[in-house]
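Chemist: Heads up: the sequence shown begins at 4 in our numbering, then just goes up one per residue.
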Amino acid sequence: MRLFLHFDGYLWGYADGETAYYEPAARALVHYKGKRYFWFSGWAGEQPGYHVFACGNKAFRGHEGAWRDAEDGVLSGNPIAQGSVDSIGGLELAVPAHGSATATFWMAAGLRFADVSRIHQVVLQQGPEQLLTRVRRYWQSWVQPDPPRLETLPPALQRLYRQSLLILRTQIDDGGAIVAANDSDILHFGRDTYSYVWPRDGALIANALLEAGYPELARRFLLFMGELVTQYGFFLHKYNPDGSAGSSWHPWAGPNGELQFPIQEDSTALVLVTLWLYYRKTRDLELLRSLYSPVVVPCARFLASYRDPVTGLPAPSYDLWEERRGIHAFTVASVVAGLRAAAELARIFGDDPFAETWRRAADDIRRAAEQFLYRPELGRFVRMLTVEPNGEIHPDPTLDASLAGLFLFDVFPARDPRMTATMRAVEERLWVKTPIGGVARYEDDYYYQMSRDIERIPGNPWFICTLWLADWYIARASSPSELGRALELLEWTARHALPSGVLAEQVHPETGEPLSVSPLSWSHGTYIHTVLRYLEREQRLAAAGWPAFLAP
């Protein structure tokens, strides 16, 4: 039997100028372009290394690639190719009748030839099996211990909790960047990826990791973000994992060519929330000291001053869905939380004037939200306001799951009748009325839209939106029976995960297939957060005299 490993890498994201060659001393294949090296080898039988190989050209002058050479099971042995290249290596196994045999392939990546050669030597010295055992034990230890009472949840929810932690770790750079998703499928939809750091996503994920007992990852994220505050006191749309500015569709110029900040203001606010939560969890005063002047002060000043003169609410910015500019309920809620966090941080350093200013700004914005975002004629909150130059205010009545931010960030209690009416409307009108179920982002959501039957399918179900509804049921629960719906929504999440535990951004409303990117870090972070909130509420109710609520 022959097994083949094919590599078609597009180093640096394009095909030209790459070299693939056979390294005879190690019986390996090497690809390189500039400071990017990849080494491929394998082991089957007594000796390591490829038994057969071929380097070839692809997507050029009719060449399809070296993989074509493997179709007859015999490789040409071509030792080098340059330009637009690929390679294929093979291992030969003798498999007895009704028996088995083992083959192992590995890849090393580095900036120099010496880097990948060194990794290869480690594999040879320790052996693939020993390395895999060490890695398995390390990550088994990393994902332990479980949070209190996790065992009270159904096994599928316990398993997805652990899988979510492990999957999240694969999306986090050691330098602190929390990447939204590393999935190339989206390239075909928008000619770009989700392989960026959105400060909002990163902050919310860091919060979940803090709750789960991984403060070091949150610390690295905060240090990463600490280098990125602009001269204006806000964070940009998104960043590459090296900290450089990511691609953006938010313009710096308004309709008349005037300066317009290309921001999602909730991103700036939520980084401050993460810093406050981190300090509360760790009492790491040294980190807080290093970030107070360069991050907290300029960001809080911006949040407190960037206000609409008519309503007193935060001035227009882009919403968390990155689609429309206005005064958004989710952004308002996050700014209130960010200013409250900044006020608490200022008090630690005796900056009482700042603390008072920022606390007062948070209170003023909260009162303005009560006055302008709640619409008595609708009996609920609205997702967005547009303020005309003449002061006329236009509410957007479109129902949006992100209205959950008003209770998630403690602007209004979950049991407030106005909040209750809002979330009841979200559940009634944004629930996907197919056997799949789940909560859509908002009414008539166009992104990856699969149906124009808006009454039945207002949009595709998103994991984060469905989990926000679970958060609401958890936050308002005053008895064990009121946790039942939250548990159902957690089970919905586990039921629509891939067998690997991967949670996509959204799922098909008719088939349940994953849509857009998989995994989405935000989906996994929200699941971790919701599970921990559920367990915390369950424990509080038990301590208050209720019997433990066990899933059937």
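Ideal Cβ placement from N, Cα and C applies to all residues, glycine included. These numbers come from a predicted model, not from an experiment.
1) Which residues in the same chain as Tyr242 place their Cβ atom closer than 7 Å to its Cβ, once the five residues preceding and following it in sequence are excluded?
2) Identify whether Pro555 lies in helix, strand or coil by the three-state DSSP scheme.
3) Determine the extent of the beta strand (DSSP E) in which His9 is found, giving its start and end residues.
4) Determine the extent of the alpha helix (DSSP H) in which Asp399 is found, giving its start and end residues.
5) Using DSSP with H/G/I as helix, E/B as strand and the rest coil, what is Gln509?
6) Which full runs of the beta strand (DSSP E) of 3+ residues lie inside the region 299 to 366, going along the chain?
7) Residues in the same chain with beta-carbon distance under 6 Å from Phe224, minus the five sequence neighbours each way, listed in chain order, please.
8) Quickly, what does DSSP pair Gln85 with across the bridge? List them, please.
9) Identify the residues that DSSP records as bridge partners of Thr389: which are they?
10) Please determine whether the Cβ atom of Arg543 lies at a distance below 8 Å from any heavy atom of the ligand GDP.
11) Within the continuous alpha helix (DSSP H) that includes His532, where are the two ends?
12) Tell me, which residues are paired with Val33 by DSSP?
13) What is the DSSP secondary structure of Met110, counted as helix, strand or coil?
14) Out of Arg39, Phe466, Tyr445, state which residue places its alpha-carbon closest to the alpha-carbon of Ile460.
15) Three-state secondary structure (DSSP) at Tyr17?
16) I'd like to check one pair, Leu490 with Pro151: are the Cβ atoms closer than 9 Å?
17) Checking the sheet assignment: what are the DSSP bridge partners for Trp434?
18) Nearest by alpha-carbon distance to Pro317: which of Arg327, Arg427, Pro301, Ala336 is it?
19) Quick one, are the C-beta atoms of His511 and Met453 less than 9 Å apart?
20) Which value, in whole angstroms, describes the spacing of the CA atoms of Trp434 and Ile266?
21) Just how far apart, CA to CA, sit Ile531 and Leu163?
22) Suppose the cutoff is 6 Å on Cβ atoms and the five residues either side in sequence are ignored; what does the same chain contact list for Asp447 look like?
23) For the alpha helix (DSSP H) containing Phe224, list its first residue and its last residue.
24) Measuring alpha carbon to alpha carbon, tell me which residue in Gly80, Gly65, Pro312 is nearest Pro27.
25) Would you identify the three-state DSSP class for Val520, choosing helix, strand or coil?
26) Quick check on the DSSP output: the beta strand (DSSP E) that includes Gly59 runs from which residue to which?
27) Helix, strand or coil: which one does DSSP assign to Tyr281?
28) Are there three or more Cβ pairs, one per stretch, closer than 8 Å when the region 347 to 359 is compared with the region 371 to 384?
Modeler: In short, the structure shows the following:
1) Tyr199, Val200, Leu231, Ala248, Gly249
2) Only weak support exists for where Pro555 lies, its pLDDT of 28 falling under 50; the coordinates are left without a value.
3) First-last of the beta strand (DSSP E) with His9: 5 to 10.
4) For Asp399, no alpha helix (DSSP H) run applies; the uninterrupted beta strand (DSSP E) run containing it begins and ends at 396 to 399, by DSSP.
5) strand
6) 328 to 331
7) Gly179, Ile181, Gly205, Ala209
8) For Gln85, which the question treats as bridged, DSSP gives the partners Thr22.
9) In DSSP, Thr389 forms a bridge with His397.
10) No copy of the ligand GDP occurs in the structure displayed, which carries no ligand at all.
11) 524 to 546
12) Tyr24, Trp42
13) Residue state, collapsed to three classes: strand.
14) Considering only alpha carbons, the answer is Tyr445.
15) coil
16) no
17) Val442
18) Ala336
19) yes
20) 30 Å
21) 9 Å
22) Ile457
23) 218 to 229
24) Gly80
25) coil
26) 55 to 63
27) DSSP places Tyr281 in the helix class (H, G or I) of the three-state scheme.
28) no
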